[in-house]
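In our numbering, each residue carries its 1-based index in the sequence shown increased by 42. All C-beta atoms, glycine included, are put in the ideal place defined by N, C-alpha and C. Remember, predicted model here, so these are calculated numbers, not experimental data. This report concerns only the one structure given below.
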Amino acid sequence: MRFVTAALSDQTFRAEAASWLEKQAPATRAGIEAAATDREHFDAGRAWQRLLFDAGWAGIAWPTEYGGRGATPAQATIFAEEQSRFGVSAGFVASTIGMVGPVLLRHGDEAQRARYLRPLLRADETWCQLFSEPSAGSDLANLATRAERYGDEFVVNGQKVWTSNALLCDFAILLTRTNLDAPKHHGITFLLLDLRTPGVEVRPLRQITGASHFNEVFFTDVRVPVENVVGEIDGGWAPARSVLAHEAAVIGGGNGAALGYTALAALARARP
Ligand SMILES: Cc1cc2nc3c(=O)[nH]c(=O)nc-3n(C[C@H](O)[C@H](O)[C@H](O)COP(=O)(O)OP(=O)(O)OC[C@H]3O[C@@H](n4cnc5c(N)ncnc54)[C@H](O)[C@@H]3O)c2cc1C
Numbered sequence: 043m044r045f046v047t048a049a050l051s052d053q054t055f056r057a058e059a060a061s062w063l064e065k066q067a068p069a070t071r072a073g074i075e076a077a078a079t080d081r082e083h084f085d086a087g088r089a090w091q092r093l094l095f096d097a098g099w100a101g102i103a104w105p106t107e108y109g110g111r112g113a114t115p116a117q118a119t120i121f122a123e124e125q126s127r128f129g130v131s132a133g134f135v136a137s138t139i140g141m142v143g144p145v146l147l148r149h150g151d152e153a154q155r156a157r158y159l160r161p162l163l164r165a166d167e168t169w170c171q172l173f174s175e176p177s178a179g180s181d182l183a184n185l186a187t188r189a190e191r192y193g194d195e196f197v198v199n200g201q202k203v204w205t206s207n208a209l210l211c212d213f214a215i216l217l218t219r220t221n222l223d224a225p226k227h228h229g230i231t232f233l234l235l236d237l238r239t240p241g242v243e244v245r246p247l248r249q250i251t252g253a254s255h256f257n258e259v260f261f262t263d264v265r266v267p268v269e270n271v272v273g274e275i276d277g278g279w280a281p282a283r284s285v286l287a288h289e290a291a292v293i294g295g296g297n298g299a300a301l302g303y304t305a306l307a308a309l310a311r312a313r314p
């Protein structure tokens, strides 16, 4: 069910958010704190996102036709502030919603928005980011994963690395090289990839802690329909930059990251 809400003053909005969070957040907070593995953490965030969506607190500044609340960006910030005060967050799921949602709203076509935005916002389908490669990190436009067009499909071959939570996700935003002759920023195409597509292989990287947060992802003749291009063919650098800008905003915006800083500060105080 979606909520059709009359515009609220910021003060009323904050009070309603705080009152809802007071009832709902403690159980989720306990679940997040008890999560021992990446999967448990991911699932706790996903469950919280569904609760938010079903109660009308997800996609606060998104248009209502895609499941959002249609409120103001200021109220989205107010909700994030209140949420972090209660020590809860949808974590990784929230960060990818904050990256994939805006890029589809701005650069996607209507069919893509209608297909992907609502399940993204409710975390019924989860997404990861296939950008970095062994030779394309800080210099992202150096990426070499190839996508060659055959009729209505691209055939993708290559490798990504450092893909957070790829093993746990359903879809990915994928940057590919489609034009070898153009200057490097002008030969990139932005694709939406179903991770169950044959030829996609996810290999976990084991960290020193024993966790496997990151993955390598290999592509062998992976077929992606042309309708999955976001923006223009060879024009993928524009939506890619949009993702990177929103990623920075999500990380810096207190939506979950603050929980880590609080824990780090507590650890630092405990071990002077
Ligand atoms: C927690 C975390 C999660 C991540 N999740 C994802 C993900 O989900 N998907 C994804 O695609 N990527 C992900 N990444 C990868 C991240 O985007 C890349 O690590 C980042 O772009 C840096 O690339 P690199 O590690 O290859 O380092 P490099 O680019 O090799 O840089 C190494 C060092 O060299 C310096 N350097 C690089 N170029 C220059 C230069 N021209 N002049 C001077 N110094 C330079 C850098 O500042 C750095 O100190 C994640 C990274 C982290 C830390």
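- Looking from the CA of residue 89, the closest CA among 177, 167, 153 and 269 belongs to 167.
- Counting along the chain, the unbroken beta strand (DSSP E) around residue 230 starts and ends at 230-236.
- Assigned with DSSP and collapsed to three states, residue 118 falls in helix.
- In this model, residue 156 and residue 108 are separated by some 7 Å (Cα to Cα).
- Annotation for residue 159: the continuous alpha helix (DSSP H) segment containing it runs 152-163.
- In this structure residue 158 is in contact with residue 146, their Cβ atoms being roughly 6 Å apart against a cut-off of 8 Å.
- Inter-residue distance for residue 111 and residue 130 is about 20 Å (C-alpha atoms, whole angstroms).
- Rounded to the nearest whole angstrom, the C-alpha separation of residue 293 and residue 240 is 32 Å.
- Nearest to residue 256 by alpha-carbon distance, out of 232, 275, 207 and 226, is 207.
- Residue 226 has its alpha-carbon roughly 7 Å from the corresponding atom of residue 184.
- Rounded to the nearest whole angstrom, the C-alpha separation of residue 118 and residue 305 is 24 Å.
- Inclusion of residue 170 in the 7 Å shell around ligand 1 follows from its C-beta lying nearer than that to a non-hydrogen atom of the ligand.
- In this structure, residue 213 has its CB at a distance of at least 7 Å from all heavy atoms of ligand 1.
- In its chain, beyond the 5 residues on either side, 185, 186, 187, 201, 202 and 203 have a beta carbon closer than 7 Å to the beta carbon of residue 175.
- Taking non-hydrogen atoms of ligand 1 into account, the C-beta of residue 62 is found less than 7 Å away from none of them.
- Residue 52 sits in a helix when the DSSP states are folded into three classes.
- DSSP places residue 88 inside the alpha helix (DSSP H), whose first and last residues are 80-96.
- Along the length of the stretch 102-148, whole alpha helix (DSSP H) runs at least 4 residues long occupy 115-127, reported in chain order.
- Collapsing the DSSP output to three states places residue 293 in a helix.
- Residue 216 and residue 120 have their C-alpha atoms spaced approximately 32 Å apart.
- For residue 279, the three-state secondary structure derived from DSSP is helix.
- Distances from the CA of residue 144 to each of 309, 53 and 282 were compared; the closest alpha carbon is that of 282.
- Across the set 63, 231, 105 and 114, the C-alpha of 63 shows the shortest separation from the C-alpha of residue 97.
- Within 7 Å of the C-beta of residue 173 there is at least one heavy atom belonging to ligand 1.
- Spatial neighbours of residue 263 in its own chain (CB-CB distance under 7 Å, excluding positions within 5 residues in sequence) are listed in chain order as 197, 199 and 241.
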